[in-house]
């Protein structure tokens, strides 16, 4: 229901965005919003300090006139995401530790085993592998089946891809082509082999290899809310795009479908993408500015995106973007 | 005998869904019934390379290519046909030849020297079934069929070179937009290492200096074999500088790992003994059609129903 509301709201906001004039004067200090120029300056700062980020120009037909042609939005690609958010939330066992004096216990969330490893982490590994195994047997990822994509759709007439094959073209002998097997596929083959031989006996050598999902993160400028906006596109281990449901597994469960919504990207063609809704960004930013100023410090507008990324991390806690920059609160 | 020839890892196409979305949009709103070939651009990365991929996405249709970070531009053409019959009946061999001849024409003219990314060449033959949201496509990576290269020794890692520190430093200093194809002059006796552009090093090549050349290229292959695009590089070098025929040539496939180190870049020492006259274009044969997932010579198909069919989208949106 929430997503329907979001869709309706999103469409209305598109109209509103069209009518909203471009912010000209800096209101960063008073309200926590950004002008396009400030967004570009903060973006330049981010690109300079975090080399994985870069500017992108997006689709030519969707160029926004209030931003430079080659600096339409920011992008970082192939950010690893090692585990699912659900696992982080449900796997941990909490132990209430009673203090001897009796005034208020505390909660220990990580119990160390004798050998120093945490039980929790091992469980996470097991879960991830099981899930991978399941994913690998879905017909979609089974590369040996041609046209596997349309098998599940009964209303489609089956398409015989063999009919397209050309016979004469292989007659040209070319000794310079290497026969290659991708490492990922080689692993898959060996894993299937161990599954068959060992009858499910765990401990095959390839099992220690953890396959990870990756994410592309985009930061666009939202003209209506006058703040940056984070977009995420996920890919599975085979670089196939994730479905919406799969993507929600990586979003903090408190935020899925509420703060994180599916909307159309302002600079890209194609289906709706997941984004962190920007309606609260300016408020949070304003609070941070106030906190810093109460401590006697001053927050430069060029740090905006670095701080922004720190607070959107709470929404998507599993994506590990490399973050070394710190800023002083006082 | 076959053990000593250099083999190349064939390019594998990787198509982002946004590529099809943009194609559908252009076909409906702009191209309509026109099926004229159109220039597109792709990209490949030599940073933590997986397989040997050539990627295309929505940006392929942009007027100016802006490859993603750590990626390099590839030059391509799309032949989008109007009907499945046209797609099927098109003479694949002559399309490949036409593409290959265009590549050779670029090699003979000075265009490649000015813009080496012309060597990373691809084309797509496609048919968009807009009603069923099915996309039929077949990638080709044209390359003249020349005599195999003799491999002089096993591939060597850059970090095993004696002057590795100097070489690594020089490689790191190459600006990213010039990393796709360049030449490294490394003279161990003079302890001199410097990077040169193709045009600077190859126009009026100095044969005594050429002995110390490493012909470098951004290598998107994860295998022991160099990527497919090195094949065009070799053909171009021998065409541009026929004096290199019969000499040992050192090729350096630049590969970055996670930490942005060049340690695992590979060096192949090869010799081409048999001349191949690529100037008589009509006699040259070409290779490069990408096999499908069954390793047969055929196109691939992808169904975009889940993200394009309005009915499906409505289903998923609630």
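Residue numbers (the working numbering), protein chains in the order written: chain H, 1 to 330; chain P, 1 to 318. Quick reminder that beta carbons are idealized off the backbone N, C-alpha and C, glycines included.
Boundaries (first-last residue) of the beta strand (DSSP E) holding residue i
i                     : result
residue 54 (chain H)  : 54 to 56
residue 265 (chain H) : Counting along the chain, residue 265 (chain H) falls outside any beta strand (DSSP E), and DSSP gives it neither H nor E.
residue 218 (chain H) : 213 to 222
residue 268 (chain P) : 266 to 271
residue 30 (chain H)  : Here residue 30 (chain H) belongs to no beta strand (DSSP E); instead the alpha helix (DSSP H) covers 28 to 31.
residue 244 (chain H) : That residue, residue 244 (chain H), is in no beta strand (DSSP E); its alpha helix (DSSP H) goes 244 to 248.
residue 248 (chain P) : 248 to 254
residue 77 (chain H)  : 73 to 81
residue 81 (chain P)  : 71 to 81
residue 44 (chain P)  : 38 to 45
Close Cβ partners of residue i (< 7 angstroms) along its chain, the five nearest in sequence each way excluded
i                     : result
residue 186 (chain P) : 163, 167, 193, 212 and 214
residue 167 (chain H) : none
residue 133 (chain H) : Only weak support is given to the placement of residue 133 (chain H): the predicted model assigns it a pLDDT of 40, under 50, and the question is left unresolved by the model.
Rounded C-alpha distance that separates residue i from residue j
i                     : j                     : result
residue 89 (chain P)  : residue 127 (chain P) : 12 angstroms
residue 63 (chain P)  : residue 240 (chain P) : 30 angstroms
residue 373 (chain H) : residue 212 (chain H) : Within the shown structure, residues of chain H are numbered from 1 to 330, placing residue 373 (chain H) beyond reach of any answer.
residue 76 (chain H)  : residue 287 (chain P) : 35 angstroms
residue 304 (chain P) : residue 269 (chain H) : 14 angstroms
residue 27 (chain P)  : residue 142 (chain P) : 25 angstroms
residue 245 (chain P) : residue 140 (chain P) : 28 angstroms
residue 222 (chain P) : residue 11 (chain H)  : 45 angstroms
residue 236 (chain P) : residue 155 (chain P) : 22 angstroms
residue 302 (chain P) : residue 16 (chain P)  : 11 angstroms
residue 231 (chain P) : residue 266 (chain H) : 40 angstroms
residue 66 (chain P)  : residue 221 (chain H) : 20 angstroms
residue 76 (chain P)  : residue 229 (chain P) : 13 angstroms
residue 184 (chain P) : residue 281 (chain P) : 31 angstroms
residue 61 (chain H)  : residue 210 (chain P) : 47 angstroms
residue 49 (chain P)  : residue 57 (chain P)  : 18 angstroms
residue 225 (chain P) : residue 30 (chain H)  : 59 angstroms
residue 264 (chain H) : residue 271 (chain H) : 7 angstroms
residue 306 (chain H) : residue 172 (chain P) : 27 angstroms
residue 255 (chain P) : residue 299 (chain H) : 40 angstroms
residue 72 (chain P)  : residue 59 (chain H)  : 18 angstroms
residue 36 (chain P)  : residue 161 (chain H) : 25 angstroms
residue 111 (chain P) : residue 169 (chain P) : 29 angstroms
residue 180 (chain H) : residue 227 (chain P) : 11 angstroms
residue 86 (chain P)  : residue 20 (chain P)  : 19 angstroms
Whether residue i touches residue j by CB criterion (8 angstroms)
i                     : j                     : result
residue 34 (chain H)  : residue 219 (chain H) : no
residue 202 (chain P) : residue 113 (chain P) : yes
residue 133 (chain P) : residue 308 (chain P) : yes
residue 82 (chain P)  : residue 33 (chain P)  : yes
residue 261 (chain H) : residue 277 (chain H) : yes
residue 118 (chain P) : residue 106 (chain P) : yes
residue 95 (chain P)  : residue 174 (chain H) : no
residue 270 (chain P) : residue 151 (chain P) : yes
residue 241 (chain H) : residue 232 (chain H) : no
residue 315 (chain P) : residue 13 (chain P)  : no
residue 24 (chain H)  : residue 43 (chain H)  : no
residue 195 (chain P) : residue 181 (chain P) : no
residue 296 (chain P) : residue 37 (chain H)  : no
Own chain residues within Cβ distance below 6 angstroms of residue i, not counting five before or after
i                     : result
residue 298 (chain P) : 292
residue 17 (chain H)  : 223 and 224
residue 179 (chain P) : 218
residue 319 (chain H) : 79, 81 and 215
residue 123 (chain P) : 76, 77, 99 and 140
residue 255 (chain H) : 315
Cβ-Cβ separation, residue j to residue i (assumed contact under 8 angstroms), whole Å
i                     : j                     : result
residue 176 (chain H) : residue 8 (chain P)   : 6 angstroms
residue 267 (chain P) : residue 252 (chain P) : 5 angstroms
residue 238 (chain P) : residue 5 (chain P)   : Residue 238 (chain P) to residue 5 (chain P), Cβ: 16 angstroms. No contact.
residue 74 (chain P)  : residue 100 (chain P) : The pair is not a contact, with the Cβ atoms about 16 angstroms apart (cut-off 8 angstroms).
residue 198 (chain P) : residue 116 (chain P) : 5 angstroms
residue 275 (chain H) : residue 85 (chain H)  : Incorrect: roughly 17 angstroms between the Cβ atoms, too far for contact.
residue 125 (chain P) : residue 135 (chain P) : Their Cβ separation, rounded to whole angstroms, is 12 angstroms, which puts residue 125 (chain P) and residue 135 (chain P) out of contact at 8 angstroms.
residue 68 (chain H)  : residue 40 (chain H)  : 6 angstroms
residue 159 (chain P) : residue 263 (chain P) : 4 angstroms
residue 69 (chain P)  : residue 290 (chain H) : About 35 angstroms; that fails the 8 angstroms criterion.
Residue i, enclosing alpha helix (DSSP H) - first and last residue
i                     : result
residue 166 (chain P) : 164 to 172
residue 194 (chain P) : Taken as a continuous stretch (DSSP letters only), residue 194 (chain P) belongs to no alpha helix (DSSP H), being part of the beta strand (DSSP E) at 192 to 196.
residue 108 (chain P) : 92 to 108
residue 61 (chain P)  : Premise fails: residue 61 (chain P) is in no alpha helix (DSSP H) and is neither H nor E.
residue 307 (chain P) : 305 to 308
residue 232 (chain P) : 229 to 240
residue 286 (chain P) : Element bounds for residue 286 (chain P): not the alpha helix (DSSP H) but the beta strand (DSSP E), 286 to 289.
residue 84 (chain P)  : 84 to 89
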